[in-house]
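Protein chains in written order, with our numbering: chain C, 1 to 163; chain U, 1 to 144.
We treat Cβ as the ideally placed atom computed from N, Cα and C, and that holds for glycine.
See structure below.
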C-alpha cells in the first residue's frame, strides 16, 4: 500500500515529467516552425533570385538581338517596354521584401534604349519601320554598356541574400 | 487636368524629330503639350501627364524632346510646380526626366540654346518675364 506521501511524490514526479514533456514538445514545435520559416525564407529567396536571373536573361537577349540581327525599330522599343515593366514589377516586390532599390536597373531600362534609339541608323529606319542593322560604332557602345552594367544583377542578388 | 499620351494623343509615339517620324516628340510638343500646359498655367492648375496605357513603348528621345521643350519655354521652376508625370508601369521614365531632361533643358534655356525644329510649326507659348507670349519662336529653315 502506498502512503499519502508516496502518492504526493509520484504525483510530483508525474507533474515534472509532464512539464518536461510539454517543454520538449514546445521546443520541438518552435524548432520545427522556425525551420519551416527558414525553409520558406530560403525558398522565397531562391525563387526571387531565379526571377532576377530571368530578367538578366531577357536583357542579354535584347543585347544579343541588337548586336546580332537586323530588327525593326518599333519592335526594339516594344521589347524594351515589356522587359522594363516585368523588371519593374519584380523590383517593387524585392524592394518591399529586401529593400532592393527600385531604380537599380534604370540604366538597362533607359540608358541602353537611348544608345539603341538615338543613332543615325535607327532614325533612318524608323519612319518605315524597316529592318536595319546597327553600325559598328553603335554595337561597340552597346557591348561596352553591357560590360559596365552587367554587375547590377549581382548587386540585386546581394540585396536578397544579405537580408 | 489629366492628359494620357497614349489615349489623348497617339497610341504610337515616335522619336525626337518630325523629320524622322510621325507623332515625334517635336510634334507632340507643338501640336498638344505647349497649348495644354499653357491652359493649365493660366488656370493655375497642375497638369497630370500620364505615360501608361497602350502597347507601344516610348523612345527616350520622344519624352526628352517634348518635356525638354516645355522646360525651355516655361522654365524649370514652373514645370516642376505645375507638371506631374504619372507612370505605374514604367516609373523609370519619371526618374529619367527628372534627373536628365530637366537639368539639361534648363541649362539650355539659361544659355539660350533653342531646340532644333525639323519642320514649320505654328505659334506657341513661351514665358517672358513670367508672362506667356505666343509667337513663332524658331523659324524653320532647310539647313536645320
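So if DSSP puts residue i in a beta bridge, which residue, or which two residues, is it bridged to?
i: residue 71/C; result: 132/C
i: residue 149/C; result: DSSP lists no partner for residue 149/C.
i: residue 125/U; result: 134/U
i: residue 4/U; result: 50/U
Does residue i pass the burial test, meaning 16 or more other C-beta atoms within 10 Å, or should it be called exposed?
i: residue 26/C; result: exposed
i: residue 47/C; result: exposed
i: residue 30/C; result: exposed
i: residue 39/C; result: exposed
i: residue 58/U; result: buried
i: residue 105/U; result: buried
i: residue 7/C; result: exposed
i: residue 116/C; result: buried
i: residue 25/U; result: buried
i: residue 73/C; result: buried
i: residue 126/C; result: buried
i: residue 121/U; result: buried
Measure the beta-carbon distance from residue i to residue j and round it to whole angstroms, keeping in mind my assumption that it falls under 8 Å.
i: residue 52/U; j: residue 87/U; result: 5 Å
i: residue 118/C; j: residue 61/U; result: 5 Å
i: residue 34/U; j: residue 73/U; result: 7 Å
i: residue 65/U; j: residue 41/U; result: Not a contact, Cβ separation roughly 20 Å.
i: residue 92/C; j: residue 83/C; result: No, residue 92/C and residue 83/C are not in contact; Cβ-Cβ is about 15 Å, not under 8 Å.
i: residue 104/C; j: residue 152/C; result: 6 Å
i: residue 15/U; j: residue 50/U; result: So it is not a contact: roughly 21 Å between Cβ atoms.
i: residue 183/C; j: residue 41/C; result: Only positions 1 to 163 of chain C appear in the structure, and residue 183/C is not among them; the question remains open.
i: residue 118/U; j: residue 18/U; result: 5 Å
i: residue 56/U; j: residue 77/C; result: 7 Å
Let me check you understand the geometry: is the CB of residue i closer than 8 Å to at least one non-hydrogen atom of the ligand HEM?
i: residue 99/C; result: You won't find the ligand HEM in this model; it holds no ligand whatsoever.
Which residue spans inside the segment 50-119 of chain U form an unbroken beta strand (DSSP E) run of at least 3?
-> 83-86
Got a sec: which bits of the segment 78-89 of chain C sit with their beta carbon under 7 Å from any beta carbon on chain U, in order along the chain?
-> 78, 80, 81, 84, 85 and 88
Using a Cβ-Cβ cut-off of less than 8 Å, list which residues of the segment 51-63 of chain U approach chain C; keep chain order.
-> 55, 56, 57, 58, 59, 60 and 61
Residues of the segment 104-125 of chain C whose Cβ lies closer than 7 Å to any Cβ of chain U, in chain order | 106, 109, 110, 113, 114, 117, 118 and 123
Using a beta-carbon distance cut-off of less than 8 Å, what residues from the segment 67-97 of chain U approach chain C?
-> 89, 90, 91, 92, 93, 95 and 96
Contacting positions in the segment 127-138 of chain C - beta carbon closer than 7 Å to chain U | 127
For the segment 29-83 of chain C, which segments carrying the alpha helix (DSSP H) assignment without a break, of at least 4 residues, lie completely within its bounds, in sequence order?
-> none
Interfacial residues, the segment 57-75 of chain C to chain U, with Cβ spacing under 9 Å = 73 and 74
For the segment 111-124 of chain U, which residues have a CB atom closer than 8 Å to at least one CB atom of chain C, in sequence order?
-> none
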